[in-house]
Amino acid sequence: DTGVSQNPRHKITKRGQNVTFRCDPISEHNRLYWYRQTLGQGPEFLTYFQNEAQLEKSRLLSDRFSAERPKGSFSTLEIQRTEQGDSAMYLCASSFRAYGYTFGSGTRLTVV
Amino acid sequence: TQLLEQSPQFLSIQEGENLTVYCNSSSVFSSLQWYRQEPGEGPVLLVTVVTGGEVKKLKRLTFQFGDARKDSSLHITAAQPGDTGLYLCAGETQGGSEKLVFGKGTKLTVNP
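Laid out in structure tokens, this is it:
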């Protein structure tokens, strides 16, 4: 078990481009979460899956954001038409119970 | 909006000193978690407290959950340079949501 894996670690993109991030959770964890963290702030909740079902979405998750978890294993987070305000660390976490997350190392997105 | 206020925001101390950081809210949480985060990495779970008044110890770290489950503290005894990092508290909201609400963190620097 190598923990929660996120790819890529870093992504630089031009404004207006689409980007997709991948998260591979710990295999026996049925819960998967996406958070976003900007400089000087704590992580902010984006969305949550239990198995393949997306059960909760934050109002932060605009129409440009979409997340999937096909077959209840890995998850992808796509941002369409990126804006400079999307620059942040995108964190994925998984858990077996409702508390006690294991976070990945994150994907650092820079929109130029 | 449920907010977690952490204090102090920054703390710089010498090796061997003791310190306490605080996490306060006007809201009641089902559980509260403490994480430590290093630059460029995801948060790492230190402890979860669930019961009001609960005290948990992890080597030189002592965590306490307030009786009313609205606040928590983290006390470090004889701090070491390896304790340097961003300490985040996160509360699990009541009412069935599984999202965590994070504070902004306390950035601790322990100087040798």
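So the protein lines, in turn, are chains A and B.
To convert a position in the first sequence, counted from 1, into my numbering, add 12.
To convert a position in the second sequence, counted from 1, into my numbering, add 565.
Ideal placement from N, C-alpha and C gives every residue a C-beta, glycine not left out.
Please read all numbers here as calculations on a predicted model, not as lab measurements.
Compare the C-alpha of residue i against each of the options and name the closest.
| i | options | result |
| --- | --- | --- |
| A:Thr94 | A:Leu72, A:Phe77, A:Gln62 and A:His22 | A:Phe77 |
| A:Tyr133 | A:Cys104, A:Tyr113 and A:Gln92 | Residue 133 of chain A cannot be examined here, being either before or after the span of chain A that is shown, 13 to 124. |
| A:Arg120 | A:Ala100, A:Pro37 and A:Pro82 | A:Ala100 |
| B:Asn589 | B:Leu623, B:Pro573 and B:Gln645 | B:Pro573 |
| A:Ser17 | A:Thr25, A:Glu68 and A:Phe33 | A:Phe33 |
| B:Ser637 | B:Pro646, B:Gly650, B:Gly656 and B:Arg625 | B:Gly656 |
| B:Phe575 | A:Ser39, A:Gln53, A:Val31 and A:Ser117 | A:Gln53 |
| B:Lys616 | B:Tyr587, B:Arg634, B:Gly660 and B:Ser662 | This sequence places Thr at residue 616 of chain B; Lys is not what is there. Residue B:Arg634 is the option with its Cα nearest to B:Thr616. |
| B:Ser595 | B:Gly660, B:Gly668, B:Pro677 and B:Lys672 | B:Gly660 |
| B:Ser662 | A:Val123, A:Gly84, A:Ser39 and A:Gln66 | A:Gln66 |
| B:Asn676 | B:Phe667, B:Lys664 and B:Ala643 | B:Ala643 |
| B:Leu651 | B:His640, B:Phe667, B:Lys664 and B:Leu673 | B:Leu673 |
So, using beta-carbon positions, are residue i and residue j closer together than 8 Å?
| i | j | result |
| --- | --- | --- |
| B:Phe628 | B:Trp599 | yes |
| B:Gln645 | B:Glu580 | yes |
| B:Leu610 | A:Thr114 | yes |
| B:Thr613 | A:Gly15 | no |
| A:Leu44 | A:Ser106 | yes |
| A:Ser87 | A:Phe108 | no |
| A:Gly84 | A:Asn19 | no |
By DSSP, does residue i sit in helix, in strand, or in coil?
| i | result |
| --- | --- |
| A:Gly28 | coil |
| B:Lys664 | coil |
| A:Asp98 | helix |
| B:Gly617 | coil |
| A:Lys83 | helix |
| B:Gln598 | strand |
| B:Asp636 | strand |
For residue i, write down the residues that DSSP places opposite it in a beta bridge.
| i | result |
| --- | --- |
| B:Gly650 | B:Leu673 |
| A:Arg48 | A:Glu56 and A:Tyr102 |
| A:Leu67 | Beta-bridge pairing links A:Leu67 to no other residue. |
| B:Ile641 | B:Leu584 and B:Leu626 |
| A:Arg109 | A:Arg109 pairs with nothing; no bridge assigned. |
| A:Ile38 | None; A:Ile38 has no bridge partner. |
Proximal residues, the stretch 17-40 of chain A versus chain B, C-beta separation under 9 Å: Gln18 and Arg21
Contact set between the stretch 650-665 of chain B and chain A, restricted to residues whose Cβ is under 7 Å from the partner: Flagged, chain order: Leu653, Glu657, Ser662, Glu663, Lys664 and Leu665.
Within 9 Å of chain B by C-beta, residues of the stretch 81-114 of chain A in sequence order: Met101, Leu103, Cys104, Ala105, Ser107, Ala110, Tyr111, Gly112, Tyr113 and Thr114
Residues, ordered as in the chain, of the stretch 579-607 of chain B that lie near chain A by beta-carbon distance below 7 Å: Of all residues in the stretch 579-607 of chain B, only Ser596, Gln598, Glu606 and Gly607 place a beta-carbon less than 7 Å from a beta-carbon of chain A.
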